[in-house]
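Written out below as structure tokens is the structure these notes cover.
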Amino acid sequence: DETTKKVDGRNTVSAVKTRCLFEDTECGGTDISKWTLDSPGCNVSETLANEMRVYNDMTVLSIPENHELGKTDTWFTYATMLTLRPELQIGFVGKMDSDTFVRWPVFFQYLELNWRRQIGTKPFIYGGWAIYKEVCSGKVWGRVCADPAFIADAFTTGAIAYLSTPLAQHVFLNGTTLQRKRDVWIEGEDMQLANMAYSDPNRTPFIINHRRGRYGRKINVHCFSDAERCRREYYESYPEQRLSRNHSRGRPLPA
């Protein structure tokens with residue numbers, strides 16, 4: 041990939057800024073207002089611009105779209121900066137793939153049944169469908185975790201992943217230096233998020249592994265960009281919304 045270069049055996053992003061970190065002046069430093077583009081005035085389609093005007097529920101980060109070159113770190117940094125606003129009461133910072141449907145009632149039930157005590161006693165939590173290092177260092181996973189640059193005990197696959205606010209604040213904001221954040225870079229967004237979660241050797245995360253416990257395998261479903269499948273999953277999770285839609289006057293629910 042021409043957008044990446046090897047430097048002393050390590051991966052680093054190209055000169056185009058695709059990974060923004062806290063205190064990095066090229067990205068806005070600690071001023072959260074400089075981390076996003078004006079919306080809907082930015083360069084988007086008119087259809088999307090109209091939706092943004094109507095619903096005002098979308099944020100556009102000021103980096104190029106990229107899959108493996110720092111978009112996830114940029115998002116987590118921005119979202120973690122939002123946790124500094126106490127009125128928002130943000131307990132976790134996370135991400136999910138756009139074609140993943142999360143069954144939120146099942147997810148909350150899963151956490152309540154399996155991890156309630158740990159959530160109350162473990163401040164540094166890293167959650168998702170976890171693959172441990174000894175597994176992903178093997179042949180089946182292409183030995184991706186055998187790379188010496190991968191420092192974590194495990195990584196969570198990208199469909200849904202999250203960090204508790206104390207952990208996110210520590211590793212994405214003031215708990216580690218800007219240089220440390222740069223040093224733990226590894227190509228591959230899931231592994232990079234894990235490297236960030238484990239970037240302070242004095243703060244080992246507690247992993248909530250969706251592979252364990254009741255209902256873990258039912259938390260989310262991959263829709264494979266099939267909007268109709270996502271719609272079916274939505275109405276199965278929220279049947280009252282189907283009734284609401286049937287009684288509405290021409291204002292369809294989002295797909």
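Numbering of the sequence shown is given in the working numbering, commencing with residue 41 and proceeding in unit increments. Note that the Cβ used here is the ideal one computed from N, Cα and C, for glycine as well. In this text the structure is predicted, and so the values were computed from the model without any measurement.
Original post:
Which residues mark the beginning and the end of the beta strand (DSSP E) in which LEU111 is found?
Top reply: First, the residue type needs correcting, since residue 111 is Lys and not Leu in the sequence shown. Unbroken run through LYS111 is the alpha helix (DSSP H), 111-122; no beta strand (DSSP E).
**OP:** Measure from the alpha carbon of THR58 to the alpha carbon of each residue in GLU227, GLY198 and SER138, then state which is nearest.
**Re:** GLU227
**OP:** Express the C-alpha separation of CYS60 and ALA237 in angstroms, rounding to a whole number.
**Re:** 16 Å
Original post:
Would you report the Cα separation of ARG156 and ALA267, rounded to the nearest angstrom?
Top reply: Rounded to the nearest angstrom, the gap between the Cα atoms of ARG156 and ALA267 is 33 Å.
**OP:** Could you tell me if GLY182 is buried or exposed, where buried requires 16 or more neighbouring beta carbons within 10 angstroms of its beta carbon?
**Re:** It counts as exposed.
Subject >> Contact check, THR120 vs THR205, beta carbons under 9 Å >> reply: yes
Original post:
Skipping 5 residues on each side, what residues in its chain have a beta carbon closer than 6 Å to that of ASP193?
Top reply: The residues are LYS173.
Subject >> Residue(s) in a DSSP beta bridge with ASN260 >> reply: The partner list for ASN260 (beta bridge, DSSP) reads VAL142.
Original post:
Quick one: what's got a C-beta closer than 6 Å to LYS221's C-beta in the same chain, skipping five residues either side?
Top reply: LEU61
Subject >> Outcome for LYS74 when other beta-carbon atoms lying within 10 angstroms are tallied against a minimum of 16 >> reply: With fewer than 16 Cβ atoms within 10 Å of its Cβ, LYS74 is classed as exposed.
**OP:** Alpha carbon to alpha carbon, how far is HIS107 from GLU42? Give it in angstroms, no decimals.
**Re:** In this prediction, GLU42 has a pLDDT of 35, which is less than 50 and means its spatial position is unreliable; nothing more can be read from the coordinates.
Original post:
Closest by CA to THR244, which one among CYS176, GLY167, TYR275 and PRO188?
Top reply: Ranked by Cα distance from THR244, the first of CYS176, GLY167, TYR275 and PRO188 is GLY167.
Subject >> Contiguous alpha helix (DSSP H) assignments of at least 4 residues, all confined to the region 57-100 >> reply: The qualifying runs are 86-95.
Original post:
What is the DSSP secondary structure of PHE212, counted as helix, strand or coil?
Top reply: helix
Original post:
By Cβ distance, which residues of its chain are closer than 7 Å to ASN235, with the 5 residues on each side in sequence left out?
Top reply: PHE190, ILE191, ALA192, VAL224 and ILE226
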